[in-house]
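Chemist: Residue numbers (the numbering used here), protein chains in the order written: chain A, 1 to 250; chain B, 251 to 334.
#1: Cutting at 6 Å between CB atoms, please list the residues of its own chain near residue 92 of chain A, excluding the five before and the five after it.
#2: Could you pull the start and end residues of the alpha helix (DSSP H) that residue 63 of chain A belongs to?
#3: Is the shortest distance between the beta-carbon of residue 259 of chain B and the beta-carbons of chain A less than 9 Å?
#4: Which residues bound the beta strand (DSSP E) around residue 186 of chain A?
#5: Since residue 43 of chain A is in the beta strand (DSSP E), which residue starts that stretch and which ends it?
#6: Less than 9 Å between the C-beta atoms of residue 184 of chain A and residue 235 of chain A, yes or no?
#7: Let me see if you follow: with CB-CB separation under 9 Å, is residue 16 of chain A close to chain B or not?
#8: Return helix, strand or coil for residue 257 of chain B, following the three-state DSSP convention.
#9: Does the beta-carbon of residue 242 of chain A have 16 or more other beta-carbons within 10 angstroms, so that it is buried, or is it exposed?
#10: Would you kindly check if the distance between the Cβ of residue 14 of chain A and the Cβ of residue 20 of chain A is under 9 Å?
#11: Given this structure, state the Cα-to-Cα distance separating residue 125 of chain A from residue 212 of chain A, to the nearest angstrom.
#12: Answer with buried or exposed for residue 87 of chain A, where buried requires no fewer than 16 other C-beta atoms within 10 angstroms of its C-beta.
#13: Between the alpha carbons of residue 7 of chain A and residue 23 of chain A, how many angstroms are there, rounded?
#14: Checking contacts by CB at 9 Å: is residue 55 of chain A closer than that to chain B?
#15: Of all the CB atoms in chain B, is at least one closer than 9 Å to the CB of residue 165 of chain A?
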């Protein structure tokens with residue numbers, strides 16, 4: 001690294017770590033401006049990225065949470081869009097949030113909506129792709145999901161919490177005892193959509209999403225509900241374009 | 251493979267394949283430009299203070315207790331008293 005490169009790296013390190021003064025030539029007042037801008041920029045980004053968490057906690061609490069998160073979580077990309085995915089895990093271990101045990105899942109949902117919105121396009125899998133496969137190997141099929149799609153297993157009413165915080169919401173009280181595992185996907189207009197999955201269908205979709213074969217996922221769903229409707233669940237996945245690839249497990 | 255899931259897979263996939271479900275059009279075909287920001291999430295505005303020439307000073311709170319004053323209580327989602 002050149003001398004200029006080393007100097008720039010030392011400055012960046014000093015901006016990220018307020019306790020560190022690597023070079024007596026960095027004036028404290030100037031460094032403070034950089035440190036403030038860095039911190040405020042990331043905190044404002046978190047506030048935009050997690051609007052529901054912010055509303056749930058209120059402005060002051062969220063700002064304090066964001067400040068703590070930024071303090072221990074350095075930005076690792078020049079692209080602000082990649083910052084903040086660890087907030088759910090941070091909240092789960094953050095004692096002041098212990099009274100809101102569903103908050104980590106809400107953060108997980110908001111991050112998935114954000115990443116899905118900006119994810120790359122992939123051609124959706126069609127039923128015709130399945131027709132070309134020998135029925136004898138159907139049980140060994142593995143599916144790849146769209147980069148924009150994901151399955152969120154959760155014990156909390158994520159769809160209801162999401163709906164409650166939309167601008168046109170009627171704001172009916174949310175039943176916190178009602179788990180709502182979700183399938184998230186991007187529709188043909190490019191907006192993210194949430195579909196609540198029934199219990200066994202959620203186990204099926206989650207298993208497929210994690211890379212299980214069709215047979216393993218079906219067995220897992222049937223263990224929860226012998227009346228599991230595989231056909232309807234596959235149709236749902238195909239109709240919303242959540243799947244992208246299929247391959248036979250070796 | 252268990253007999254039940256084998257049977258279910260055979261019948262369900264036969265039906266799905268026969269229905270020739272059309273996959274939805276891709277977003278790209280609807281002229282969504284790559285890199286267009288979600289409403290209200292303009293990158294420049296997100297990093298606001300640095301490119302808009304405004305500044306906002308973030309001070310560490312002196313003696314502040316974490317009390318949720320947001321929508322969690324209205325929504326029915328305050329499950330236990332917040333720790334101070």
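Even for Gly, the Cβ is constructed at its ideal location relative to N, Cα and C.
Bear in mind the structure is a predicted one, so any value in this text is a computation, not a measurement.
Modeler: With the given structure in hand:
#1: Translated into the one-based positions of the first chain, residue 92 of chain A becomes position 92. The residues are 104.
#2: For the purposes of this step, residue 63 of chain A is taken as the residue at position 63 of the first chain. Here the alpha helix (DSSP H) through residue 63 of chain A covers 59-72.
#3: One-based indexing of the second chain puts residue 259 of chain B at position 9. Yes, because at least one Cβ of chain A sits closer than 9 Å to the Cβ of residue 259 of chain B.
#4: The residue labelled residue 186 of chain A in the question sits at position 186 within the first chain. Segment 182-186, the beta strand (DSSP E) holding residue 186 of chain A.
#5: Numbered from its first residue, the first chain carries residue 43 of chain A at position 43. Residue 43 of chain A -> not in any beta strand (DSSP E); alpha helix (DSSP H) instead, spanning 28-49.
#6: Here the question's residue 184 of chain A lines up with position 184 in the first chain. Here the question's residue 235 of chain A lines up with position 235 in the first chain. Not closer than 9 Å, so no.
#7: Residue 16 of chain A sits at position 16 when you count from the first residue of the first chain. No, its Cβ sits nowhere closer than 9 Å to a Cβ of chain B.
#8: Taking the first residue of the second chain as 1, we reach residue 257 of chain B at position 7. If DSSP states are grouped into helix, strand and coil, residue 257 of chain B belongs with the helices.
#9: One-based indexing of the first chain puts residue 242 of chain A at position 242. Burial call: buried.
#10: Within the first chain, numbered from 1, the residue matching residue 20 of chain A stands at position 20. Within the first chain, numbered from 1, the residue matching residue 14 of chain A stands at position 14. Yes; because the gap between Cβ atoms is below 9 Å, this pair is in contact.
#11: Reading the first chain from its first residue, position 125 is the one you call residue 125 of chain A. Reading the first chain from its first residue, position 212 is the one you call residue 212 of chain A. Roughly 17 Å separates the two Cα atoms.
#12: Within the first chain, residue 87 of chain A is the residue found at index 87, counting from 1. So residue 87 of chain A ends up on the buried side.
#13: Residue 7 of chain A sits at position 7 when you count from the first residue of the first chain. Residue 23 of chain A sits at position 23 when you count from the first residue of the first chain. C-alpha separation (whole angstroms): 9 Å.
#14: Residue numbering aside, residue 55 of chain A sits at position 55 when the first chain is read from its first letter. For residue 55 of chain A, the answer is yes, since a Cβ of chain B falls inside 9 Å of its Cβ.
#15: Taking the first residue of the first chain as position 1, residue 165 of chain A is located at position 165. Taking Cβ atoms only, chain B reaches closer than 9 Å to residue 165 of chain A, which makes this a yes.
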